[in-house]
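Visitor: Just passing along the structure, written as C-alpha cells.
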Amino acid sequence: MNEKDVYGEIEKYRLLLQKYFEETLEPEERRQLAVWLWADRKNRDLLVKLRGDCTLHDRFKEYEKMDAVREFELLIHRYDRVKQRRMIIRWSGVAAVLIIALCAIPLFRLSDSQLRDELVVKEGKLQAVLTTADGNVISIQEKMSLRDLETFQIRDSVKELICGTNLPVKDSLRYNRLEVPRGGEYTLVLADGSCVRLSSESSIRFPESFSDSLREVEIEGEAYLEVKKDSTRPFIVHVKELKIEVLGTRFGVRVYQDESMASTTLAEGRVRVVAGKSKVVLVPGEQAYWTEGKLRKREVDVNAVLAWVDGLFVFEHDELSYVINQLSRWYDVEFRFKDEKLKEFQFTGTVNRDEGLDGILNLMERMNVVSFEKRNGYIWVKENDKVKAYN
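Residue numbers (our numbering): 13 to 403.
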C-alpha cells in the first residue's frame, strides 16, 4: 500500500467515524468501521492508552496531526520481523494509523454476570496422544517418562515428537497414530525428516519407517506439512477422497468430519491432487478443494489459510458458524445459537489466538452484531441488543 492509498484509507474511516458519532451510519458502514478493532493486540493496548478523558474534539485534532505514513512504516518494520506476513501488514498498518480516531469508540464488554467463571475455558496447548504399532497408548504431556516412547524422541521440551530414523525397513509396514484433541496442537517429525504440524482435533497415521520406494501418510482434520525432497520416494498424503502427491514442498490440508469440503493449499513447490478420475496440479497460491463430488482449484491468500500455523485466527468474510467452529476447537468449548439465522452473519478480521477466548468474544461484541453469554456449560450466541434497536 503506497502513501496515497494510506491517506485514502484514513480519510475514508475518518468520515465513517464522524458518521458514527452523528449516529447516521448505515449497517455496512458500521461493520466496516468496527472490524479495525480486530487487527492486533498492540493496537488495542494503544487504543486503551489513548482513551483518557479528552473530548471528542481533542481526539480528532490529535488524529489529524499524526504522521500516518511514519506510523505505517514503523508497523511494516515491526511485522517484517515476524515472517513478513503481508496480509497482516495490510490489515494492521492502516489500523495503527486509525487507532487514535478509534479510541473515541466505546468498548462494549461482556458484563460481569456474563463472564462469571461457571464455565472453565482453557487456551490451546501442546498435547497429543500416540498409539503405537504395538497398541500402546501414550499421552504426550509436559511431565512424562521418556522411557515410554522407546523408538521416539522429544525435542525442545514437549514441542516436537521425532520418529526414530535408524529403524530398519520391513517387508510389512507397521503404523502409528498421533491424535491431537480439541484445544491442542502438536508437531511430528517423520522418519525422513519431513515435518507435520497438527491443529486441534486432528490426527495422522504414519509408518514406523518408510519403504524404499514410497512415503505415505493419512491425515484427518487440519495439518501443515514441510516435506523433505526425495525424488526416489514420492510423498503421498491421503485425506478423505483426496490423494496428494508431492516431492518436496510446503502445504496445508484441511478435512474435518463436520465440514463438507476437503482442501489442500500450496505454499511452496508443486503438488498433484487426485480424486477418483479427476486430478489437478497446484502451483504456490492455489488451493484444490473437493465438495459435492467434484474436484476444483482456485487462487487463495495462502497467508490467511495457513495463519493458524503462526498462532492467528484470520477470517475474511467468513460466516459466523465457521468462526465459532474454529474457536470451539481451539478453546475446547461448546457454543449454542439462540437463532440459527445468526450463523449466516459474516466476520472479517485477524486476531492472535493468545488473546484468550474472553478477549476474542469481547472484540466480536464490539462489532455490535452478536453478544455472548456463558450459561449452563455452554456459550450462547445471541443477537446484540444494539442491532435490534438499530433495525
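Even glycine gets a Cβ: it sits at the ideal position worked out from N, Cα and C.
#1: Tell me the DSSP bridge mates of Asp330?
#2: State the beta-bridge partners of Phe349 as determined by DSSP.
#3: Using the three-state DSSP reduction, which class does Ser215 fall into: helix, strand or coil?
#4: Pull up the DSSP beta-bridge partners for Arg282, would you.
#5: So, using beta-carbon positions, are Glu197 and Ser215 closer together than 8 Å?
#6: Report whether the distance from the Cβ of Leu202 to the nearest heavy atom of the ligand GDP is below 7 Å.
#7: Name the two residues that bound the continuous beta strand (DSSP E) containing Val201.
#8: Mark Val149 as exposed unless 16 or more other C-beta atoms lie within 10 angstroms of its C-beta, in which case mark it buried.
#9: Determine, using beta-carbon pairs with one atom in the region 351 to 364 and one in the region 331 to 338, whether at least three such pairs fall under 8 Å.
#10: Inspect the beta-carbon positions of Leu278 and Glu298 and report whether they are closer than 8 Å.
#11: So, is Ala145 buried or exposed, given that buried needs 16 or more other C-beta atoms within 10 angstroms?
#12: Taking contact to mean 3 or more Cβ pairs, one atom from each stretch, closer than 8 Å, check whether the region 220 to 232 and the region 245 to 254 are in contact.
#13: On a Cα-Cα basis, can you pick out the residue from Cys175, Gly323, Ile391 and Lys394 that is closest to Arg217?
#14: Only counting the same chain, and skipping five residues up and downstream in sequence, which positions put a Cβ closer than 8 Å to that of Val292?
#15: Return yes when the Cβ of Leu254 is within less than 8 Å of the Cβ of Trp7, no when it is not.
#16: Nearest-angstrom Cα distance between Glu377 and Ser383?
#17: In angstroms, rounded to a whole number, what distance separates the CA positions of Leu62 and Tyr268?
#18: Taking the alpha carbon of Asn396 as the point to measure from, which residue in Thr199, Phe349, Glu367 and Glu232 has its own alpha carbon closest?
#19: Does the beta-carbon of Asp270 have 16 or more other beta-carbons within 10 angstroms, so that it is buried, or is it exposed?
#20: From what residue to what residue does the alpha helix (DSSP H) around Asn315 run?
#21: Whole angstroms are fine: how far does the CA of Met379 sit from the CA of Leu27?
#22: Given Arg266, which residues of its chain have a CB within under 6 Å of its CB, disregarding the five upstream and five downstream residues?
#23: Quickly, what does DSSP pair Leu27 with across the bridge? List them, please.
#24: Using the beta-carbon count (16 or more within 10 Å), is Ser211 buried or exposed?
#25: So Leu185 is in the alpha helix (DSSP H); what residue range does that whole segment cover?
#26: State the start and end residues of the unbroken beta strand (DSSP E) segment that holds Glu298.
#27: Using the C-alpha atoms, what's the distance from Asn188 back to Arg205?
#28: Are the Cβ atoms of Glu213 and Arg341 separated by less than 8 Å?
#29: Can you tell me which of Phe263, Ile372, Glu40 and Leu138 puts its alpha carbon nearest to the alpha carbon of Arg194?
Guide: According to the structure shown:
#1: In the sequence shown, the residue the question calls residue 330 occupies position 318. Note: Asp330 sits in a beta bridge opposite Phe359.
#2: To locate residue 349, count along the sequence shown from 1; it is residue 337. Bridge partners of Phe349: Val393.
#3: Residue mapping note: residue 215 aligns to position 203 of the sequence shown, counting from 1. Reduced to three states, the DSSP call for Ser215 is strand.
#4: Counting from 1 along the sequence shown, the entry for residue 282 is found at position 270. Answer by DSSP bridge pairing: none, since Arg282 is not bridged.
#5: Start at 1 with the first residue of the sequence shown, and residue 197 comes out as number 185. Start at 1 with the first residue of the sequence shown, and residue 215 comes out as number 203. Not a contact, by the Cβ cut-off of 8 Å.
#6: By its list of ligands, the structure shown contains no ligand whatsoever, and the ligand GDP lies outside what it can speak to.
#7: Position 189 of the sequence shown, counted from the first residue, corresponds to residue 201. Where Val201 is concerned, the enclosing beta strand (DSSP E) stretches over Gly196 to Val201.
#8: To locate residue 149, count along the sequence shown from 1; it is residue 137. It is exposed - the Cβ of Val149 has fewer than 16 other Cβ atoms within 10 Å.
#9: yes
#10: Here residue 278 refers to the residue found at position 266 of the sequence shown. Here residue 298 refers to the residue found at position 286 of the sequence shown. Contact flag set, yes.
#11: For the purposes of this step, residue 145 is taken as the residue at position 133 of the sequence shown. Exposed, because fewer than 16 other Cβ atoms sit within 10 Å of the Cβ of Ala145.
#12: yes
#13: Residue mapping note: residue 217 aligns to position 205 of the sequence shown, counting from 1. Comparing Cα-Cα distances from Arg217 to each of Cys175, Gly323, Ile391 and Lys394, the minimum goes to Cys175.
#14: Numbered from its first residue, the sequence shown carries residue 292 at position 280. If we look at Val292 and ignore the five residues flanking it on each side, its Cβ neighbours are Arg284, Val285, Ala300, Leu307, Arg308 and Lys309.
#15: Because residue 7 is not part of the residues shown, which for the chain are 13 to 403, the question remains open.
#16: By one-based count along the sequence shown, residue 377 stands at place 365. By one-based count along the sequence shown, residue 383 stands at place 371. Whole-angstrom Cα-Cα distance: 5 Å.
#17: Working through the sequence shown from its first residue, we reach residue 62 at position 50. Working through the sequence shown from its first residue, we reach residue 268 at position 256. Note on Leu62: pLDDT 37, under 50, position unreliable in the model; the coordinate value appears next. Going by the C-alpha atoms only, they are around 43 Å apart.
#18: By one-based count along the sequence shown, residue 396 stands at place 384. Comparing Cα positions, the closest option is Phe349.
#19: Position 258 of the sequence shown holds residue 270. Exposed is the call here.
#20: Reading the sequence shown from its first residue, position 303 is the one you call residue 315. From DSSP, the alpha helix (DSSP H) with Asn315 extends over Val314 to Val317.
#21: For the purposes of this step, residue 27 is taken as the residue at position 15 of the sequence shown. For the purposes of this step, residue 379 is taken as the residue at position 367 of the sequence shown. Computed Cα separation, rounded: 18 Å.
#22: Numbered from its first residue, the sequence shown carries residue 266 at position 254. Excluding sequence neighbours, Arg266 sits near Glu234 and Ser275.
#23: For the purposes of this step, residue 27 is identified with residue 15 of the sequence shown, where counting begins at 1. DSSP lists no partner for Leu27.
#24: Numbered from 1 along the sequence shown, position 199 holds the residue referred to as residue 211. Counting Cβ neighbours within 10 Å, Ser211 comes out buried, since at least 16 surround it.
#25: The residue labelled residue 185 in the question sits at position 173 within the sequence shown. Counting along the chain, Leu185 falls outside any alpha helix (DSSP H), and DSSP gives it neither H nor E.
#26: Stepping through the sequence shown from its first residue, residue 298 is reached at position 286. First-last of the beta strand (DSSP E) with Glu298: Glu298 to Thr303.
#27: Sequence index remark: in the sequence shown, residue 205 carries index 193 (1-based). Sequence index remark: in the sequence shown, residue 188 carries index 176 (1-based). The residue you asked about is not Arg; residue 205 is Gly in the sequence shown. Those two C-alpha atoms are separated by around 16 Å.
#28: Within the sequence shown, residue 213 is the residue found at index 201, counting from 1. Within the sequence shown, residue 341 is the residue found at index 329, counting from 1. Yes; because the gap between Cβ atoms is below 8 Å, this pair is in contact.
#29: To locate residue 194, count along the sequence shown from 1; it is residue 182. The shortest C-alpha separation from Arg194 is found at Leu138.
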